[in-house]
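Remarks on the structure that follows.
Protein chains in written order, with the numbering used here: chain A, 1 to 360; chain B, 1001 to 1360.
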């Protein structure tokens, strides 16, 4: 198998037009996922660290509930990975709400410097990318990257009051209630079965707009950005799809999945054998009536921080390209008749042995 | 005078708890500011690159007007500093609108990878910090950092319809219509009078909440975060206030100014002799009826990218601590009775000779 380090180009880690290979190691030293009841009942239920039955998470509003999800995730992450909050230099975090209020009120008690990010549902990869840059450059020892979403706060923000009980379009998706977070570190202290996980590369996305205006079909809005990002990653790193054991998009759902496969085929890449979408995996769409699948920043974040990392530590996947995808709209832009551009960011996760060499 | 490089601690640039000193140089190689009519009529009018008389900037909605402001700023920045868009590896950008729609629609045509940021009105320093990390780490040669705001899109987002003609509180501020952007680069190609400007350090802010709930008095909401950031910068870099020729906050206005001076005094620092606030300088508040001053991400961004950088190149300031400040609220959090936490991020700008040594 090709080793990612054989792809390192000149220029201190810059690879191609929009990728970076992290020559100085960035280790994943902690991860946690906390989800709501519906996600807990889905196919990935057993992989999550915590399932919270109360949709209000003990608080008074949907927004506070999402903040509380973030707070619980950070506390549990520190506890599980045995870090004190003083060990964490930065948090890179975001959510879907206007002015990132879930993040501001969720993280304020930790007294850790915060970089607020907005990449719609691509935020988890944006956070992991920038966290990796900080660690790899030696400007931080330990950094948290985090993203959350909440079904009810997102419906209130983007769609209809829940009390309307409005019908959902077949192409629509169900916002995941959940928060996923990782700790990225310059030193590895958590090898499992002789395996450690490194973030070895990032590919940063452009805004891609095919002019789709249907906010109830976000898979179609985001798929072109996902295809563009995945193809750029292949070109920049000079690899073919089989370089990865798995290529994972965030929340394209069943409609977006077909489009991304088709668009990549047109670019000459067949990823159908090693492709999955977190939005499709997280719910049993037929039984749980989630239409095209799950969505939201939390969707890819919790799928990564449960099933995917679990499978990597178990030795089932050696190298993953993780590509959360975001639909760039607000109710204002939508009501003013604008299209819904997409963006995707990608990070490469790789199993290594604790000394930093490729595992197995 | 103390040289910042004498403050470099161990650990590859990490300084104290929340600062980084960029040992590998980050040069400011381009800057542009574009503002609206009212800003053009203010005391800094002659310093701006362009004053746009039409508040709609030739477009149909306030949000599109702000996007157009961003687009014009990037185009002019590339032209003025003689870069092609292909030379720019990333744009770090943000605005105040929900889901960053001014940024998404403003930057999509450039086909440059984008990191979307939200730090409320602190966004310009957040963007410059992360851009500096990317350049200093060798992961990018040239990066744009940008922030914008627009009076009318902000009023629509946060306050009342303009048609109401509502009364403005004395402590309220006037959102600046403007966009400021810089190019940060690994190589210096634009020395003026033997002077180049480097970003030599960053201090990243925590969320600071003193429980203030008055969204018409954002200066009071943000001042504690500004004081915390400035004091942390002094501690982390082991310097005293006179290390800087100027300490600049973003948009505290006349109310917040008094609070930040007082809070710093209580911490043992007197910055009254070398302090200024962009929100106070940008308007003639008595003549222009802007109450406590200017605000918005654009306020600090355009003041930096006009007057402040102009004064540095003219040799009047050798070293500036630039501290934009943000109020973390949305209409939802406000209407749900939440407080308005603040955040501030800081970057240190320093005149050097083109070979990278301290100028003069």
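C-beta: ideal position from N, C-alpha, C; glycine also. Every value quoted in this text rests on a predicted model; they were computed, and no experiment measured them.
- Task: Output yes if chain B places a C-beta closer than 8 angstroms to the C-beta of residue 16 (chain A); else output no.
- Result: Here residue 16 (chain A) is taken as the residue at index 16 of the first chain, counted from 1. Chain B, which has no Cβ nearer than 8 angstroms to the Cβ of residue 16 (chain A), makes this no.
- Task: Identify each residue in the region 326-340 of chain A for which the Cβ-Cβ distance to at least one residue of chain B is less than 8 angstroms, and report them in chain order.
- Result: 328, 329, 330, 331, 332, 333, 336 and 338
- Task: Note down, in chain order, every chain A residue with its Cβ under 7 angstroms from the Cβ of residue 1133 (chain B).
- Result: Residue mapping note: residue 1133 (chain B) aligns to position 133 of the second chain, counting from 1. Going along chain A in sequence order, the residues near residue 1133 (chain B) (Cβ under 7 angstroms) are 133, 134, 137 and 139.
- List, in order along the chain, the chain B residues whose C-beta lies closer than 9 angstroms to that of residue 44 (chain A)? Sequence index remark: in the first chain, residue 44 (chain A) carries index 44 (1-based). Within chain B, no residue comes near residue 44 (chain A); the closest Cβ sits about 27 angstroms away, beyond 9 angstroms.
- Task: Could you tell me which chain B residues have their CB closer than 7 angstroms to the CB of residue 101 (chain A), listed as they occur along the chain?
- Result: For this step, residue 101 (chain A) is matched to residue 101 along the first chain. Going along chain B in sequence order, the residues near residue 101 (chain A) (Cβ under 7 angstroms) are 1330, 1332 and 1333.
- Taking Cβ positions only, does residue 1080 (chain B) come closer than 8 angstroms to chain A? Along the second chain, one-based indexing puts residue 1080 (chain B) at 80. False, the Cβ-Cβ gap to chain A never drops below 8 angstroms.
- Message: So for residue 234 (chain A), helix, strand or coil by DSSP?
- Response: As a first step, residue 234 (chain A) must be located in the first chain, where it is residue number 234. Three-state DSSP puts residue 234 (chain A) in a helix.
- Contacting residues, own chain, Cβ-Cβ under 8 angstroms from residue 1076 (chain B) (five flanking each side not counted): As a first step, residue 1076 (chain B) must be located in the second chain, where it is residue number 76. These residues qualify, in order along the chain: 1032, 1034, 1049 and 1050.
- Message: Since residue 132 (chain A) and residue 26 (chain A) should fall inside the 8 angstroms C-beta cutoff, what is the C-beta to C-beta distance between them, to a whole number of angstroms?
- Response: Residue 132 (chain A) sits at position 132 when you count from the first residue of the first chain. Residue 26 (chain A) sits at position 26 when you count from the first residue of the first chain. At roughly 5 angstroms, the Cβ-Cβ gap stays under 8 angstroms, so residue 132 (chain A) and residue 26 (chain A) are in contact.
- Rounded straight-line distance, which links the Cα of residue 154 (chain A) to that of residue 1215 (chain B): On the second chain, residue 1215 (chain B) is found 215 positions in, with the first residue counted as 1. On the first chain, residue 154 (chain A) is found 154 positions in, with the first residue counted as 1. If I take the Cα positions, the gap works out to 24 angstroms.
- Task: Examine the Cβ distances between the region 14-24 of chain A and the region 176-183 of chain A and report whether three or more of them are shorter than 8 angstroms.
- Result: no
- Query: Roughly how many angstroms separate the alpha carbons of residue 90 (chain A) and residue 142 (chain A), rounded to a whole number?
  - Reply: Position 90 of the first chain, counted from the first residue, corresponds to residue 90 (chain A). Position 142 of the first chain, counted from the first residue, corresponds to residue 142 (chain A). Straight-line Cα distance between these residues: approximately 8 angstroms.
- How about residue 1019 (chain B) and residue 1218 (chain B): do their beta carbons lie closer than 8 angstroms? The residue labelled residue 1019 (chain B) in the question sits at position 19 within the second chain. The residue labelled residue 1218 (chain B) in the question sits at position 218 within the second chain. For residue 1019 (chain B) and residue 1218 (chain B), no; Cβs fall outside 8 angstroms.
- Query: So, is residue 161 (chain A) buried or exposed, given that buried needs 16 or more other C-beta atoms within 10 angstroms?
  - Reply: Numbered from 1 along the first chain, position 161 holds the residue referred to as residue 161 (chain A). So residue 161 (chain A) counts as exposed.
- Query: Counting along the chain, where does the beta strand (DSSP E) carrying residue 1033 (chain B) start and finish?
  - Reply: For this step, residue 1033 (chain B) is matched to residue 33 along the second chain. Residue 1033 (chain B) -> beta strand (DSSP E) spans 1027-1036.
- Query: Any idea if residue 169 (chain A) is buried or exposed, counting beta-carbon neighbours within 10 angstroms, 16 or more meaning buried?
  - Reply: Working through the first chain from its first residue, we reach residue 169 (chain A) at position 169. By the neighbour-count rule (16 or more Cβ atoms within 10 Å), residue 169 (chain A) is not buried but exposed.
- Query: Taking only beta-carbon atoms, is residue 1204 (chain B) less than 8 angstroms away from chain A?
  - Reply: If you number the second chain from 1, residue 1204 (chain B) lands on position 204. With 8 angstroms as the cut-off, residue 1204 (chain B) counts as an interface residue toward chain A.
- In whole angstroms, what separates the C-alpha of residue 1195 (chain B) from that of residue 1088 (chain B)? As a first step, residue 1195 (chain B) is located in the second chain; it is residue number 195 there, counting from the start. As a first step, residue 1088 (chain B) is located in the second chain; it is residue number 88 there, counting from the start. Using only the alpha carbons, I get a separation of about 23 angstroms.
- Query: Which stretch, first to last residue, makes up the beta strand (DSSP E) that contains residue 1114 (chain B)?
  - Reply: Against the second chain, residue 1114 (chain B) aligns to sequence position 114. Per DSSP, residue 1114 (chain B) belongs to the beta strand (DSSP E) from 1114-1116.
- Return no unless some Cβ of chain B is closer than 8 angstroms to the Cβ of residue 197 (chain A). For the purposes of this step, residue 197 (chain A) is identified with residue 197 of the first chain, where counting begins at 1. With 8 angstroms as the cut-off, residue 197 (chain A) does not count as an interface residue toward chain B.
- Is it right to say residue 273 (chain A) is buried, meaning 16 or more other beta carbons lie within 10 angstroms of its own, or is it exposed? Counting from 1 along the first chain, the entry for residue 273 (chain A) is found at position 273. That one is exposed.
- Message: What does the alpha-carbon distance come out to for the pair residue 1199 (chain B) and residue 59 (chain A)?
- Response: Here the question's residue 1199 (chain B) lines up with position 199 in the second chain. Here the question's residue 59 (chain A) lines up with position 59 in the first chain. Answer to the nearest angstrom: the Cα atoms are 43 angstroms apart.
- Task: Look at the Cβ atom of residue 295 (chain A), then the Cβ atom of residue 253 (chain A), and state whether they are nearer than 8 angstroms.
- Result: Taking the first residue of the first chain as 1, we reach residue 295 (chain A) at position 295. Taking the first residue of the first chain as 1, we reach residue 253 (chain A) at position 253. Yes. Within cutoff.
- Message: Let's see if you can read the secondary structure: which residues bound the alpha helix (DSSP H) around residue 1334 (chain B)?
- Response: In the second chain, the residue the question calls residue 1334 (chain B) occupies position 334. Unbroken alpha helix (DSSP H) run through residue 1334 (chain B): 1331-1335.
- Message: Spatial neighbours of residue 1103 (chain B) within its chain, please: C-beta separation below 7 angstroms, excluding the five flanking residues on both sides.
- Response: The residue labelled residue 1103 (chain B) in the question sits at position 103 within the second chain. The answer, listed in chain order, is 1070, 1093, 1094, 1095 and 1116.
- Query: Taking Cβ-Cβ distances shorter than 7 angstroms, what residues in chain B pair up with residue 209 (chain A)?
  - Reply: For this step, residue 209 (chain A) is matched to residue 209 along the first chain. Within 7 angstroms Cβ-Cβ: 1108.
- Reduced DSSP secondary structure (H/G/I, E/B, other) of residue 1203 (chain B): Walking along the second chain from the start, residue 1203 (chain B) turns up at place 203. Correct three-state label for residue 1203 (chain B): strand.
- Under 8 angstroms between beta-carbons, which chain D residues line up against residue 1117 (chain B)? List them in chain order, please. As a matter of chain content, chain D is missing from the structure shown, whose protein chains are A and B.
- Any idea which residues DSSP pairs residue 1350 (chain B) with across the strands? Here residue 1350 (chain B) refers to the residue found at position 350 when the second chain is read from its first residue. Answer is B:1198 and B:1319.
- Message: What does the Cβ neighbour count give for residue 359 (chain A), buried or exposed, with the cut at 16 atoms within 10 Å?
- Response: Position 359 of the first chain, counting from 1, holds the residue named residue 359 (chain A). In this predicted model, residue 359 (chain A) has a pLDDT of only 46, less than 50, meaning its place in the structure is not dependable enough to derive any value.
- residue 20 (chain A) in three-state terms, based on DSSP: Within the first chain, numbered from 1, the residue matching residue 20 (chain A) stands at position 20. The answer is strand: DSSP assigns residue 20 (chain A) an E or B state.
- Listing by chain order, which chain A residues have their CB less than 7 angstroms from the CB of residue 1151 (chain B)? Sequence index remark: in the second chain, residue 1151 (chain B) carries index 151 (1-based). Those within 7 angstroms of residue 1151 (chain B) in chain A number zero; the least Cβ separation is about 16 angstroms.
- Message: In the DSSP assignment, the alpha helix (DSSP H) including residue 1106 (chain B) goes from what residue to what residue?
- Response: What you label residue 1106 (chain B) is simply residue 106 of the second chain in a count that begins at 1. Its alpha helix (DSSP H) spans residues 1101-1107.
- Inter-residue Cα distance where the pair is residue 165 (chain A) and residue 344 (chain A): Along the first chain, read from residue 1 onward, the residue named residue 165 (chain A) stands at position 165. Along the first chain, read from residue 1 onward, the residue named residue 344 (chain A) stands at position 344. Rounded to the nearest angstrom, the two C-alpha atoms are 31 angstroms apart.
- Query: For residue 192 (chain A), which of helix, strand or coil comes out of DSSP?
  - Reply: If you number the first chain from 1, residue 192 (chain A) lands on position 192. Here residue 192 (chain A) sits in strand by DSSP.
- Task: Tell me whether residue 1120 (chain B) sits in a helix, a strand or coil according to DSSP, three-state version.
- Result: Taking the second chain and counting its residues from 1, the one referred to as residue 1120 (chain B) is at position 120. Three-state DSSP puts residue 1120 (chain B) in coil, outside helix and strand.
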